[in-house]
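Residue numbers (the working numbering), protein chains in the order written: chain U, 1 to 162; chain B, 1001 to 1503.
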């Protein structure tokens, strides 16, 4: 069988899997009756509904013709990788990973590291420019978030401040 | 007149030094993100939510509201000068606005957009003030069954009016509702779908969803497209004043746009984007006067009408939020979040329990519009400069502010891992053509819907017919069904698909 709309087929699949997972999970909780709904009632109902919607979307994707097959197209791996890892790096540098013994490096280090990594996601990467940007961003963020808004951040690495 | 007393109270609140400052910051930020393509109000408001913790609730809401309607002003500048939609709702402004700029008439185009928006904003604010009272009265008659039906209508309306594939959008709503249920169930205390992770028993933070899906997802998608050559008409903005002839054409268009926008803003799923589209379509249908420039080649009406419409709609879309507590679009869903952060339960009781907040917010919108017209017309030069900032400097800053914002909501790195996950999910949504806005609406309404469903069913002793035997509830459900039927009609369906292709 040919998939007539790639996008729709996979979104349908996504719905069905997610709906079934929620519905299955809901059966672990008390479902109850209509008059006295348990914690499982509404999620079970919605999970089944979502799974059905997914099945319908998939069915349509297999039967209804589209002009160009609605291809998903290539994934932008580079931006995806660098944006997400830049974000994760921010968390690791800022708060550390106590379970792995990574110390917290604080806000400034996190901003510098994140800006460097995230900038790699673009088409052009000029180190000098990025360093200037990172410096401006760390000074600006320190001023705006720490001094002005008084948000609580570990600003410097823990081994310096103790 | 009670209305004037209330407005006087509102202006009293809005005219304090602190609130004026926050209204200004909101409008400034709104214009900024409106001008910059690729940054929308949803992501910005989500980014700034944590920063409003420390503020008093009135100031916080005034600022966040300013971002939303400020973005409608700023978006038109980019549309006219660069032919890029600075804001989604300025897409139609590009068609005629950019052509005007190419003919050396960027000034009048900007003025038409600015003045139209200002007029529309004032009218929208007045309508909001006038309608809020009576609608609140109605809302007090609502029981749980009515609320449940109203939410169904709201969610259906949101997808019918504002999205491409209907069934996929409904799927996104249901997915959002389910995600909203993650966390501790208030009635039984059972932690649902939490996988024994302590952070998940509080539920998924909606800021992480909004930023991951709208912020990171969009950035990744933007970066995957090759950078376009931008032609900015900076030197050519001379003489802002439209001619007398322009004014003659503009005024009726502004009036039509304002009226249409106000009406569409109140509808569930309505809001700025839809209003702008509808206004442009109507302008195109009206007859051209002899000697008038055709649409698509720089007709000033094609700028004035949609810009007025998107601004009045962004004001009136506060009506369902403030009177019923039901957000009609994704930005209003974030406003619900902002109100809950400050311990305000959105709904009809806001007006009586927090009158200074309610009327202060409304009055601030008028002040905000006055600030915006100054920010956007005489100071246009600054914004034009901003357009020359390349995207490669912007996106690292956006990612960084998202990460900082997410962390500071709970001072917890857990939220940073979550936003990374939602970033991947958000990009997947974009690739698969699934719209994220209905997901966010569903997510906000999920717990409310379950609660009202439970109460209604408890009162009816398990009888599902309660939703159709109570007249108000039945009416709301009938309206929802009617909407679905209308959209499914073949003739409407093809028109609707056409409209979204243009998008």
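In this text, a Cβ means the ideal position worked out from N, Cα and C, and glycines have one as well.
{"Asked": "Residue 39(U) at chain B interface by Cβ criterion, 7 Å", "Found": "yes"}
{"Asked": "Interface partners of residue 1450(B) on chain U, CB under 7 Å", "Found": "42"}
{"Asked": "Collapsed DSSP secondary structure at residue 1241(B) in the structure displayed", "Found": "coil"}
{"Asked": "Per-residue contacts from residue 1167(B) into chain U (C-beta, under 7 Å)", "Found": "53, 56, 57"}
{"Asked": "Amino acids of chain B, ordered along the chain, whose beta-carbon sits closer than 7 Å to that of residue 163(U)", "Found": "Only positions 1 to 162 of chain U appear in the structure, and residue 163(U) is not among them; the question remains open."}
{"Asked": "Cβ of residue 1425(B) within 7 Å of any chain U Cβ", "Found": "no"}
{"Asked": "The region 103-121 of chain U / the region 1390-1398 of chain B touching (three or more Cβ pairs under 8 Å)", "Found": "yes"}
{"Asked": "Where residue 1191(B) falls: helix, strand or coil (DSSP)", "Found": "strand"}
{"Asked": "At least 3 beta-carbon pairs within less than 8 Å: the region 1177-1196 of chain B vs the region 1433-1451 of chain B", "Found": "yes"}
{"Asked": "Contacting positions in the region 92-107 of chain U - beta carbon closer than 7 Å to chain B", "Found": "94, 95"}
{"Asked": "Per-residue contacts from residue 118(U) into chain B (C-beta, under 8 Å)", "Found": "1395, 1396, 1399, 1400"}
{"Asked": "Contacts of residue 1473(B) in chain U (Cβ-Cβ under 7 Å)", "Found": "The premise fails here: residue 1473(B) is roughly 16 Å from chain U at the closest Cβ pair, so nothing lies under 7 Å."}
{"Asked": "Contacts that residue 1156(B) makes with chain U (C-beta to C-beta distance below 9 Å)", "Found": "The premise fails here: residue 1156(B) is roughly 14 Å from chain U at the closest Cβ pair, so nothing lies under 9 Å."}
{"Asked": "Complete runs of the alpha helix (DSSP H) confined to the region 1091-1166 of chain B [at least 4 residues]", "Found": "1091-1102, 1106-1140, 1144-1162"}
{"Asked": "Cβ separation of residue 1213(B) and residue 1436(B), assumed to be a contact under 8 Å, to the nearest whole Å", "Found": "5 Å"}
{"Asked": "Three CB pairs or more closer than 8 Å across the region 1147-1167 of chain B and the region 1280-1299 of chain B", "Found": "no"}
{"Asked": "Residue-chain proximity (residue 1026(B), chain U), Cβ-Cβ < 7 Å", "Found": "no"}
{"Asked": "is_contact[residue 114(U), chain B] using C-beta, thresh 7 Å", "Found": "yes"}
{"Asked": "Interface residues of the region 78-93 of chain U facing chain B [CB-CB below 7 Å]", "Found": "79, 80, 83, 84, 86, 87, 88, 90, 91"}
{"Asked": "Neighbour list for residue 1193(B) in chain U, Cβ cutoff strictly below 8 Å", "Found": "22, 25, 43"}
{"Asked": "Cα-Cα separation between residue 1255(B) and residue 1111(B), rounded to whole angstroms", "Found": "16 Å"}
{"Asked": "Where residue 1394(B) sits in the DSSP three-state scheme", "Found": "helix"}
{"Asked": "Distance between residue 1027(B) and residue 1003(B) (C-alpha atoms, nearest Å)", "Found": "26 Å"}
{"Asked": "Below-7 Å beta-carbon distance, residue 135(U) vs any chain B residue", "Found": "no"}
{"Asked": "DSSP three-state assignment for residue 1502(B), whether helix, strand or coil", "Found": "At residue 1502(B), the pLDDT of 43 sits below 50, so the modelled position is not reliable and the matter cannot be decided from this model."}
{"Asked": "Local Cβ density within 10 Å of residue 114(U), reported as buried at 16 or more and exposed below that", "Found": "buried"}
{"Asked": "Simplified DSSP state of residue 1014(B), which is helix, strand or coil", "Found": "helix"}
{"Asked": "Residue 16(U) at chain B interface by Cβ criterion, 7 Å", "Found": "no"}
{"Asked": "Among 1159(B), 1257(B), 1059(B), 1299(B), the one whose alpha carbon lies nearest that of residue 1120(B)", "Found": "1257(B)"}
{"Asked": "Residues near residue 1373(B) in its chain [Cβ-Cβ closer than 6 Å; skip 5 each side]", "Found": "1114, 1118"}
{"Asked": "Under the three-state DSSP convention, the category residue 1258(B) falls into", "Found": "helix"}
{"Asked": "Segment contact, 8 Å Cβ cut-off, at least three pairs: the region 1294-1314 of chain B with the region 1192-1205 of chain B", "Found": "no"}
{"Asked": "Residue 1058(B) beta carbon less than 7 Å from that of residue 1347(B)", "Found": "no"}
{"Asked": "Residue 1408(B) at chain U interface by Cβ criterion, 7 Å", "Found": "yes"}
{"Asked": "Start and end residues, alpha helix (DSSP H) containing residue 1371(B)", "Found": "1355-1376"}
{"Asked": "Residue 96(U) - DSSP class collapsed to helix/strand/coil", "Found": "coil"}
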